[in-house]
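In the order they appear, the protein sequences are chains A and B. Under my numbering, the first residue of the first sequence carries the number 1, and numbering increases by one thereafter. Under my numbering, the first residue of the second sequence carries the number 1001, and numbering increases by one thereafter. Backbone N, C-alpha and C fix where the C-beta goes; we use that ideal spot for every residue, glycine too. Quantities reported herein were computed from a predicted structural model and do not represent experimental measurements. Comments concern the structure below.
Protein chains: 2
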Amino acid sequence: MNMMLKTHSCGTLTKKDVGQTVTLNGWVQRRRDLGGVLFIDLRDRTGIVQTVFNPDFSGDALAIADRARNEYVLAVTGKVVERDPETYNANLATGEIEIRVTEIEVMNAAKTPPFPIEDGVEVDESLRLKYRYLDLRRPEMQKTLLLRSKSAKIFRDYLDNEGFIEVETPILTKSTPEGARDYLVPSRVHEGEFFALPQSPQIFKQLLMVGGLERYYQIARCFRDEDLRADRQPEFTQVDIETSFLSQDQLLGMMEQLSARLLRETVGVELELPFQRITYADAMNKYGSDKPDLRFGLEIEDITDIVSGSDVKVFASVAAGGGVVKALNAKGCASWSRKELDDLQPFAARYGGKGLAWITVKDGEWRGPIVKFLKEEEIAALTERLGVEEGDLLTFSADKPKVVADVLGNLRLKLGRDLGLIDDSKFKFAWVVDFPLLGWDEEAKRYVAEHHPFTRPKEEDLHYFDTDPGKIRAQAYDLVLNGYEVGGGSMRIYKREVQEQMFKALGFTMEEAHEKFGFLLDAFDYGTPPHGGIAFGFDRLVMLLAGRTNLRETIAFPKTASATDLLCDAPSEVELSQLEQLHIRTVLKPKPVAAAAAGAPAGESNQ
Amino acid sequence: MNMMLKTHSCGTLTKKDVGQTVTLNGWVQRRRDLGGVLFIDLRDRTGIVQTVFNPDFSGDALAIADRARNEYVLAVTGKVVERDPETYNANLATGEIEIRVTEIEVMNAAKTPPFPIEDGVEVDESLRLKYRYLDLRRPEMQKTLLLRSKSAKIFRDYLDNEGFIEVETPILTKSTPEGARDYLVPSRVHEGEFFALPQSPQIFKQLLMVGGLERYYQIARCFRDEDLRADRQPEFTQVDIETSFLSQDQLLGMMEQLSARLLRETVGVELELPFQRITYADAMNKYGSDKPDLRFGLEIEDITDIVSGSDVKVFASVAAGGGVVKALNAKGCASWSRKELDDLQPFAARYGGKGLAWITVKDGEWRGPIVKFLKEEEIAALTERLGVEEGDLLTFSADKPKVVADVLGNLRLKLGRDLGLIDDSKFKFAWVVDFPLLGWDEEAKRYVAEHHPFTRPKEEDLHYFDTDPGKIRAQAYDLVLNGYEVGGGSMRIYKREVQEQMFKALGFTMEEAHEKFGFLLDAFDYGTPPHGGIAFGFDRLVMLLAGRTNLRETIAFPKTASATDLLCDAPSEVELSQLEQLHIRTVLKPKPVAAAAAGAPAGESNQ
């Protein structure tokens, strides 16, 4: 028996195909019987087309088609004809034609799916994940996976054209001493030893530069065994890039060209180049975030100098204690209700703030709990600095810089959304640069690397190693898009003397450093070129291009927030003999009976 | 301080660049002082160029360059000049020019490498793997990695152009009930449970077809925890492909076009299409192998019918016992020495044979231990079947079919090499088709799937399910190249009734099948399209294109035969706290003191 295999695809047929005899393969989207004439909408990857079964031309095919139900797989042969203009369907790309079927083959039957195969229906996500193979038939999932595939192709084409070599680095590798929690893989051959899955190909990409490859890239799977949030997956994909003999400016310029091409060829948006560059310090000051959403203004203003001698006690005392006082002018929000104003307090608390002072400007008058403590000249200075006008709502946070940034940065984002300041069709890229090299770890009482211990300091800040290491800025950069970090990287240290200074600042002797980073430091002794790189968070980038808000929508077979694959039911128990071969055994805590009965997996995908 | 960053690459400069001032970055390949004039050969990814430091034009740069040693990283600026034609170096692409250096920067110093950075030097492989970052600087390693990257690009470009979607499937997945040994990953969140690393994306690619993606590909990492041979790695790469609504012929034709493009654009060879197709039965009969090297003839002949009544006892008794007698005519080998002829016996033994009879044809006379037992008509029949001529050496194997195939198949390969019948510049592709669907497992006393339980039987053999399942041929195919299997796949079962017959033949009830393959069988109930696919062994394919004989040469950071990464020293011991978080502990056998002291790792990389 020869199968009736497709000559055309459902979604691509138009009036220009009228008169042709075509064979189509696809799934039954919908089936209607109108007085003995059967209409079946047939769906494949390209779209939907209407097929018609009529006693006048379909013969036996009509009776066979009559038994088909939704999601049956059919092969049909028939002639493309133009529909009666009155029955044109403007919702379908193929809406001006239909197929008069003369032959049919039921390639396969189908049970009734647990949810309709179409966009926009409300389905519990855990059900979608369990039946992912049906969920993937929905047009919006296919569109997103196509966009993902296309995006990868654009990255590869661009990089290939610029002389980058794609190199695959190991998945079974060594547990790293710093960073997130590793996934481990017990070795069968080497008793008691373990591989680790890579958190990123960081070490390998640097070794490839030592190896003289000059330009490397890889669309690499990475693994972090962290507690998950909505925008994290235990395995994720990054476009990993490393170069030698390039300056930071050259590399960033190249990545801008790449991003511009990506946006042009996926969403049809022409980006303005070069991207805005903003220092980490400015980003934190003006937007309260190191990944500012720059699609709107609404900048935060530092008013510490104005209120340091204020009668508003909390302002004065915070200023005296080394804290900061900052304000955000919510234009036009003076009309907020008392309830809305009251809600500012729990909002601030959510981000660690102790409170949020406010002032409304209505009918030329300043109102609010703190107004009576403000001096004439403070009001004048605030009016000028904050550009105060009739109808404004002024909000104030006074605390440690980090808390103020979190509170006002998040208030800024909320206002941006609530006030409709954000143009959702806009893709606003920017570089955040000049990150601090080191951060002070209060617990460990030592400096830790903000990026990683091989990040190159800015040349002009090297002298701070001896005086004030906290002031050193790094040649590190993040690429932000609409308030998300979509990429990040750094130039790397390649001179031994700088590396030694770095380890000293981190409180390691060279011996300790060698214990931690042995072979990488060895490698650096054999002629390391100046190098640096970047990694793009591919899942997140695709999510933003696709206009989705959940990473799982961009991944064919994602895991839930509890790192479960609901489709294959992984992880799962394994045979004892498997563990014996790996020289391990499980050590289980006795489970309370109640917990065991609670059936945890069902709700896990919705966090 | 601004770095002197490259304006050009070393290996690309030619006479057309004469007169230009260029800046180059690279590694010192060689340094010669000829009477106060210093010549430094500078190397980057593109090749080597000669730079000259002369007191006449180099100023301070000469003294700085004088301190440089092999593998120092230099930046030089200078003018491209033509060399005196008498000093042209024909071994270098840049041999007609040199750079008169006026400025230099030592970007980095280098310790003396443990082996010379050049092709063709004898270096112990374990040393190369430990210092892989230096090994990768060797031109032939860079050439191979470039070829690998280019090959991946060609696969992607071709498949993208044919409407294939690249989809990433999970690395953290579920342990499979059949197949090779899994690598396991303990779950932290789900106590006592484990992920497994995929042996291939087989299940996911079929689910993507159920999901309506129609054409999928992925260059996928796969994992098998097997005892390794020279051509195996614990993690390996396959180009994984699956399609819906295509016949086997359509798919194979597409893969031929793809292969032709790959060969054209990498090694510049134009392949003849379509590829030869040979059935599994013919391949075993004629070449004693299911992956025959078809670059040469030397076919094996079945002579069982001729000698079944022979006075050569072993021939007659093997024929009577259901075995086969086959012969290979080694043309022109009648002149072999007695020693060479004697060596045939241990050769046969190595492949499980009990012996190898032989006859030389010299001066018109047949000589050898069995000649006297051959009847006139047997000699006549053999002369005709084997095309016997003066100077031939006839070899005979009599045993079970599998043993005869192994012995004569391997003898054929050895003769092919020894007699110079193999043209090494040739790339001879062929499809081996019609593999048996089932094999009889003597131990388990049941049939097992030769490919996997979802392989589609040939339509015309379906009736054998009821009578003689061993006779069913599968819609399965291997792509062989020069005696290596470089790809393989099958059409899959998509009809429930066929799947049930298959499980029945394998001795499973549908309930047992459900326990093993649960969610995949569930998926098949919801409208599964006819589908099938293939996977290319990417590492091996690149190895053959690069003319190498070892998979490790094609992988940037390979593992040794004992699954060790000598560069990062993985696997390794981990912190006890890491194991506690994963709810496991190690169970170690006490090591005998002698074994512990033997220092196993050192020699492990060679085999």
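Please report the straight-line C-alpha distance between P1601/B and K516/A, rounded to a whole angstrom. In this prediction, P1601/B scores a pLDDT of 36, lower than 50, which makes its location untrustworthy; the coordinate-derived value is nonetheless stated afterwards. Each residue's alpha carbon lies about 21 Å from the other.
Just the Cα atoms here: how many angstroms apart are K445/A and L506/A? Computed Cα separation, rounded: 10 Å.
If A93/A sits next to G36/A, beta carbons under 8 Å apart, how far is it from one beta carbon to the other, in whole angstroms? A93/A to G36/A, Cβ: 28 Å. No contact.
Unbroken alpha helix (DSSP H) runs of length 4 or more, entirely within the stretch 118 to 204 of chain A: which are they? 125 to 130, 132 to 135, 139 to 161
What are the boundary residues of the alpha helix (DSSP H) that includes A383/A? It is Thr, not Ala, that sits at residue 383/A in the sequence shown. Counting along the chain, the alpha helix (DSSP H) containing T383/A begins and ends at 376 to 386.
For S151/A, collect the residues of the same chain with a Cβ closer than 8 Å to its Cβ; drop the 5 residues on either side in sequence, then sort them by chain order. Excluding its 5 nearest sequence neighbours in each direction, S151/A has C-beta neighbours in its own chain below 8 Å: L262, T266, F538, L541, V542, L545, listed in chain order.
Any idea if H1008/B is buried or exposed, counting beta-carbon neighbours within 10 angstroms, 16 or more meaning buried? The residue is buried, with at least 16 neighbouring Cβ atoms inside 10 Å.
What in chain A is Cβ-close to S1247/B, meaning under 9 Å? N2, M3, L5
Please classify S1149/B: is it buried, with 16 or more other beta-carbons within 10 angstroms of its beta-carbon, or exposed? buried
Are the stretch 1418 to 1438 of chain B and the stretch 1300 to 1310 of chain B touching, with three or more C-beta to C-beta distances below 8 Å? In short, these stretches do not touch, since the Cβ pair count stays below three.
For chain B, find out if any of its Cβ atoms is closer than 8 Å to the Cβ of M107/A; answer yes or no. yes
Just grab the DSSP bridge partners of F1236/B for me. C1222/B
Which residues, in order along the stretch 1182 to 1196 of chain B, keep a beta-carbon less than 9 Å from a beta-carbon of chain A? D1182, Y1183, L1184, V1185, P1186, S1187, R1188, V1189, H1190, E1191, G1192, E1193, F1194, F1195, A1196
Which of the three DSSP states is assigned to F347/A in this structure? helix
Which residues bound the alpha helix (DSSP H) around D522/A? 510 to 524
Kindly give me the distance between the Cβ atoms of T144/A and E98/A, rounded to whole angstroms, as I take these residues to be in contact under 8 Å. Contact doesn't hold; Cβ gap of about 29 Å is too wide.
Who are the neighbours of I472/A on chain B, taking C-beta pairs under 7 Å? In chain order: nothing, as chain B lies at least about 16 Å away.
M284/A versus V324/A, D249/A, V22/A, residue with shortest Cα-Cα distance: V324/A
Listed in chain order, which residues of the stretch 322 to 352 of chain A have Cβ atoms closer than 9 Å to some Cβ of chain B? none
Closer than 6 Å by C-beta to G439/A: which residues in its own chain qualify, once you throw out the five before and the five after it? Chain order, please. V448, E450
Would you be able to state if there are at least three C-beta pairs under 8 Å between the stretch 1113 to 1128 of chain B and the stretch 127 to 138 of chain A? no
List, in order along the chain, the chain B residues whose C-beta lies closer than 8 Å to that of K516/A? Neighbours of K516/A on chain B: none; closest Cβ ~13 Å, over 8 Å.
What is the residue span of the alpha helix (DSSP H) that D539/A lies within? 538 to 545
What number of angstroms, rounded off, separates the C-alpha of F204/A from the C-alpha of T176/A? Going from the Cα of F204/A to the Cα of T176/A covers about 12 Å.
Quick one: give me the first and last residue of the alpha helix (DSSP H) that N285/A is part of. 280 to 287
Name, please, each residue of chain B whose Cβ falls closer than 8 Å to the Cβ of R137/A. G1211, G1212
Who pairs with Y1477/B in a beta bridge, going by DSSP? V1433/B, G1489/B
Grouping DSSP H, G and I as helix and E and B as strand, with all else coil, what is D1392/B? Coil.
In whole angstroms, give me the CA-to-CA distance for T395/A and L386/A. 10 Å
I1472/B - containing beta strand (DSSP E), residue span: Premise fails: I1472/B is in no beta strand (DSSP E) and is neither H nor E.
Report the neighbours of V1267/B on chain A: residues whose CB is nearer than 8 Å to its CB, in chain order. Those do not exist, as V1267/B stays about 18 Å from chain A at its closest Cβ, beyond 8 Å.
What separation, rounded to the nearest whole angstrom, lies between the Cα atoms of I1241/B and L566/A? When rounded, the distance between both Cα atoms is 24 Å.
Collapsed DSSP secondary structure at L1328/B in the structure displayed: strand
Within chain B, the residues that K153/A reaches when beta carbons sit closer than 8 Å: R1156, D1160, E1166
I1099/B (DSSP reduced to helix, strand or coil): strand
Collapsed DSSP secondary structure at K1362/B in the structure displayed: In the structure shown, the three-state DSSP call for K1362/B is strand.
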